[in-house]
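Trainee:
2 protein chains.
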Amino acid sequence: MLMDGVDFDARIHTPQQIGRKALAVSLSDCAAMAVRPRWVSVTVALPDNWSIEQAQGLYLGMEPLAEAHCCRIIGGDTNSWSQGLVIETCVVAEPWPGLEPVRRGGVRPGDWICVTGVLGGSLAGHHLEFEPAVATAFNLATGFKGRLKAMMDISDGLSIDAARMARASACTIQLEEAGLGLVVSDAAIAASRADHRTPLEHALHDGEDFELLFALAPEAATALGPGQAAVTTPAGNAVVAYTVIGRAEKGEGLWLLDMSGHRRRIEPAGWQHFVK
Amino acid sequence: MLMDGVDFDARIHTPQQIGRKALAVSLSDCAAMAVRPRWVSVTVALPDNWSIEQAQGLYLGMEPLAEAHCCRIIGGDTNSWSQGLVIETCVVAEPWPGLEPVRRGGVRPGDWICVTGVLGGSLAGHHLEFEPAVATAFNLATGFKGRLKAMMDISDGLSIDAARMARASACTIQLEEAGLGLVVSDAAIAASRADHRTPLEHALHDGEDFELLFALAPEAATALGPGQAAVTTPAGNAVVAYTVIGRAEKGEGLWLLDMSGHRRRIEPAGWQHFVK
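So the sequence lines, in the order shown, correspond to chains A and B.
Residues in the first sequence are numbered from 8 upward in steps of one, following my numbering.
Residues in the second sequence are numbered from 8 upward in steps of one, following my numbering.
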């Protein structure tokens, strides 16, 4: 569910952009588990001053993405009210043939912690334009069959999402600055110029990256430590690049090993929906 | 999707009442097609001044109803924002074994138009307390197997929903005052005392009755005109009472035959979510 003023700004973003993002976020949830999206129900609460063209714009933004993922828009519920735009997409997915869904609780001490892509500064545009990593997740699951231990998409921020993965797996995740430095996006660097935070902090906490965070069995990773790597699918038709950013250990919580070898706890600081 | 100020009033209604209604409305959509609810995803946008107890209240209101219908709450999305409460339930349903889903477009000239229960005045309390007609719909579909031509639940109001059924079926629906008089609720009579509208107008236009509106093949109805009737399931374990309130004819639109034999068009006037 995306809400005006929280997940988008209806004064700035077009209905097409908002509709696309609503579906993309749900497809990213399918990528997170390496499952296959099939059907989507779309439900909206439209501000009562919206025109029919604006309402249609939401669907125009969704349709190319739905088609690209063979995910059929099957219905939903259209409402109007005097408050802000709310758009909800509920995707029904199924396991890919021969693949089990991947969960967040399967990390074990010794596993490598990895991410796809680069992180941080998503607010500058990436959060509206990202490609949901459905195919990447499928390729990871087939390329690392049996050795992909856990996976999530990074929606609320690496620091929050990695802490959740550590908690669900009852272990520590130790990120290494040497690895994280490789996944800092240009947008994170640009954002750091506009505020008092470092590019690394942007990469850790900004959120809405919609990249994949995953754990590999110790024998799966080709590197002996942080660094870039790639995996080829068994059919040889796809290569997925990824970066090893840390390792799981016995313990709890999320930790950072900095360049000088000091270890400190990372306080999750991405987006949290707060309830008193 | 239910929204504060439209489908409930969070100042008056308890979280339990709101949660129950949200699920009940979606289960009523399952009743409308005579299908079996199985799983439900629950997504909320909570006002940011809500407590965790209020949020939990929504689920406490849903759980007994979900259990009674063997419909499992499987997940969803919890958000907060600075605007009004929004709650969305997305139910995944499947056909009952041996039964095809019933649609709204199957009415043919000569069919009897029927409703279960009584209509009007729902705002006095029925809209929060109604039992979704899932079992009634199953019993109608088995009792009238092959002769139940079309069905809907009455959510926006008989006048709107019957007009939609007529349009989807490309025929006229003619309601008869002689039949409608039998389905005016006590709440509709009470409501008519408080305003300038008649009990019949309340029954036609109030909405949120969540009763079943359905069409029977000519040979299925025991009556030769408007009146009360009942059907027993083949297994003999259930009897569904219903009222014949009109008939389908060639043509278009929704018409009312009054007691003096005059025929006039009914303008749909229930709840409409308006988009400019």
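Glycine residues also receive a C-beta, built at the ideal position from the N, C-alpha and C atoms.
According to DSSP, what are the bridge partners of S35(A)?
Mentor: For the purposes of this step, residue 35(A) is taken as the residue at position 28 of the first sequence. DSSP output for S35(A) lists no bridge partner at all.
Trainee: Could one say the Cβ of S89(A) lies closer than 8 Å to chain B's Cβ atoms, at least one of them?
Mentor: Here residue 89(A) refers to the residue found at position 82 of the first sequence. Judged by the 8 Å Cβ criterion, S89(A) is in contact with chain B.
Trainee: Any heavy atom of the ligand ZN closer than 7 Å to the Cβ of L126(B)?
Mentor: Annotation note on the ligand ZN: not contained in the displayed structure, which lists no ligands.
Trainee: Quick one: residues in its chain with C-beta nearer than 6 Å to the C-beta of W46(A), no 5 flanking neighbours on either side, listed in chain order?
Mentor: By one-based count along the first sequence, residue 46(A) stands at place 39. Excluding residues within five positions, the ones whose Cβ falls inside 6 Å are R79, I81, V99.
Trainee: Residues of chain B with CB under 7 Å from M8(A), in chain order?
Mentor: Taking the first sequence and counting its residues from 1, the one referred to as residue 8(A) is at position 1. Residues of chain B passing the Cβ test: T50, A52, D84, N86, E95.
Trainee: Looking only at its chain, what residues have a beta carbon closer than 7 Å to the beta carbon of E95(A), apart from the 5 residues adjacent to it on each side?
Mentor: By 1-based counting over the first sequence, the position of residue 95(A) is 88. These residues qualify, in order along the chain: M8, T50.
Trainee: If we call anything under 8 Å between Cβ atoms a contact, is G132(B) one with H209(B)?
Mentor: Here the question's residue 132(B) lines up with position 125 in the second sequence. Here the question's residue 209(B) lines up with position 202 in the second sequence. Not closer than 8 Å, so no.
Trainee: Mapping the DSSP letters down to three states, classify A210(B) as helix, strand or coil.
Mentor: For the purposes of this step, residue 210(B) is taken as residue 203 along the second sequence, with counting starting at 1. DSSP places A210(B) in helix when its eight states are reduced to three.
Trainee: What are the boundary residues of the alpha helix (DSSP H) that V141(A) is part of?
Mentor: Within the first sequence, numbered from 1, the residue matching residue 141(A) stands at position 134. Looking at the DSSP string, the run of the alpha helix (DSSP H) that includes V141(A) is 141-150.
Trainee: In whole angstroms, give me the CA-to-CA distance for A222(A) and I120(A).
Mentor: Counted from its first residue, the first sequence places residue 222(A) at position 215. Counted from its first residue, the first sequence places residue 120(A) at position 113. Taking the straight line from one Cα to the other gives about 5 Å.
Trainee: Taking the alpha-carbon positions, what's the G253(A) to G260(A) distance?
Mentor: The residue you call residue 253(A) lines up with position 246 of the first sequence. The residue you call residue 260(A) lines up with position 253 of the first sequence. Taking the straight line from one Cα to the other gives about 13 Å.
Trainee: Taking the C-alpha atoms as reference points, what is the distance between A75(A) and R43(A)?
Mentor: Here residue 75(A) refers to the residue found at position 68 when the first sequence is read from its first residue. Here residue 43(A) refers to the residue found at position 36 when the first sequence is read from its first residue. Taking the straight line from one Cα to the other gives about 12 Å.
Trainee: Can you tell me which residues form a DSSP beta bridge with Y249(B)?
Mentor: Here residue 249(B) refers to the residue found at position 242 when the second sequence is read from its first residue. A236(B), per the DSSP bridge assignment.
Trainee: At what residues does the alpha helix (DSSP H) containing M172(A) begin and finish?
Mentor: The residue you call residue 172(A) lines up with position 165 of the first sequence. Per DSSP, M172(A) belongs to the alpha helix (DSSP H) from 165-176.
Trainee: Could you name each continuous alpha helix (DSSP H) segment of 4 residues or more that falls completely within the stretch 35-67 of chain A, going from the start of the chain to the end?
Mentor: List check, alpha helix (DSSP H) in window: nothing returned.
Trainee: Can you list the residues of chain A that V99(B) reaches, using a CB-CB cut of under 8 Å?
Mentor: Against the second sequence, residue 99(B) aligns to sequence position 92. Here the neighbours are V99.
Trainee: At least one CB of chain A closer than 8 Å to the CB of V122(B): is that the case?
Mentor: By one-based count along the second sequence, residue 122(B) stands at place 115. Not an interface residue.
Trainee: In this structure, what does DSSP give as the bridge partners for D11(A)?
Mentor: Against the first sequence, residue 11(A) aligns to sequence position 4. Answer by DSSP bridge pairing, in chain order: F15(A).
Trainee: Considering only the alpha carbon of each residue, which of G26(B), T240(B), A276(B) lies closest to G214(B)?
Mentor: Mapped onto the second sequence, residue 214(B) falls at position 207. If we check each option's Cα against that of G214(B), A276(B) comes out closest.
Trainee: Can you name, in chain order, every residue of its own chain whose Cβ lies under 7 Å from the Cβ of G83(A), other than the five neighbours on each side?
Mentor: Position 76 of the first sequence, counted from the start, is the residue given in the question as residue 83(A). Same-chain partners within the cutoff: S48, V49, T50.
Trainee: Please classify R27(A) as buried or exposed, where buried requires at least 16 other C-beta atoms within 10 Å of its C-beta.
Mentor: Walking along the first sequence from the start, residue 27(A) turns up at place 20. Buried, since its Cβ has 16 or more Cβ neighbours within 10 Å.
Trainee: Interface residues of chain D around G112(B) at Cβ under 8 Å?
Mentor: Structure shown: chain D not included; protein chains present are A and B.
Trainee: Mind checking K257(B): buried by the 16 CB within 10 Å criterion, or exposed?
Mentor: For the purposes of this step, residue 257(B) is taken as residue 250 along the second sequence, with counting starting at 1. The residue is exposed, with fewer than 16 neighbouring Cβ atoms inside 10 Å.
Trainee: Give me, in chain order, the residues of the same chain whose beta-carbon lies closer than 8 Å to that of R154(B); leave out the 5 immediate sequence neighbours on both sides.
Mentor: Here the question's residue 154(B) lines up with position 147 in the second sequence. If we look at R154(B) and ignore the five residues flanking it on each side, its Cβ neighbours are L223, A224, E226, A227.
Trainee: Looking at the structure shown, is V282(B) part of a helix, part of a strand, or coil, going by DSSP?
Mentor: Mapped onto the second sequence, residue 282(B) falls at position 275. Low confidence applies here, because V282(B) scores a pLDDT of 40, under 50, leaving its location unreliable and the question unanswered by this model.
Trainee: For the beta strand (DSSP E) holding L220(B), just list the boundary residues, first then last.
Mentor: Numbered from 1 along the second sequence, position 213 holds the residue referred to as residue 220(B). It spans 219-223 - the beta strand (DSSP E) in which L220(B) sits, taken as one unbroken run.
Trainee: Rounded to a whole number of angstroms, what is the C-alpha to C-alpha distance between V141(A) and A31(A)?
Mentor: Residue mapping note: residue 141(A) aligns to position 134 of the first sequence, counting from 1. Residue mapping note: residue 31(A) aligns to position 24 of the first sequence, counting from 1. For V141(A) and A31(A), the distance between alpha carbons rounds to 10 Å.
Trainee: Going along the chain, which residues of its own chain have a beta-carbon closer than 6 Å to the beta-carbon of P54(A), five neighbours each way excluded?
Mentor: For the purposes of this step, residue 54(A) is taken as the residue at position 47 of the first sequence. Counting only Cβ-Cβ distances below 6 Å, and skipping sequence neighbours, we find L92.
Trainee: DSSP on L182(B), reduced to helix/strand/coil?
Mentor: For the purposes of this step, residue 182(B) is taken as the residue at position 175 of the second sequence. In the structure shown, L182(B) sits in a strand (DSSP, three-state: E or B).
Trainee: Over the uninterrupted beta strand (DSSP E) stretch that includes S199(A), give me the two end residues.
Mentor: Here residue 199(A) refers to the residue found at position 192 when the first sequence is read from its first residue. Unbroken run through S199(A) is the alpha helix (DSSP H), 193-201; no beta strand (DSSP E).
Trainee: Terminal residues of the continuous beta strand (DSSP E) containing E226(B)?
Mentor: Residue numbering aside, residue 226(B) sits at position 219 when the second sequence is read from its first letter. Where E226(B) is concerned, there is no enclosing beta strand (DSSP E), given that its DSSP letter is neither H nor E.
Trainee: Is the beta carbon of L165(B) sitting closer than 8 Å to the one on V191(B)?
Mentor: Taking the first residue of the second sequence as 1, we reach residue 165(B) at position 158. Taking the first residue of the second sequence as 1, we reach residue 191(B) at position 184. No. Outside cutoff.
Trainee: In or out: G105(A) buried (at least 16 other Cβ within 10 Å) or exposed?
Mentor: Translated into the one-based positions of the first sequence, residue 105(A) becomes position 98. Classification for G105(A): exposed.
Trainee: Who are the near neighbours of Q61(A) in its chain, counting only those whose CB is closer than 6 Å to its CB and skipping five residues on each side?
Mentor: Indexing the first sequence from 1 puts residue 61(A) at position 54. Hits under 6 Å: P22.
Trainee: Per DSSP, what kind of secondary structure is K156(A) in: helix, strand or coil?
Mentor: Here residue 156(A) is taken as the residue at index 149 of the first sequence, counted from 1. Looking at K156(A) - three-state DSSP - the assignment turns out to be strand.
Trainee: Look at the alpha carbon of W103(B) and the alpha carbon of N146(B), and state the distance between them as a whole number of angstroms.
Mentor: Mapped onto the second sequence, residue 103(B) falls at position 96. Mapped onto the second sequence, residue 146(B) falls at position 139. Cα to Cα, the separation comes out at about 11 Å.
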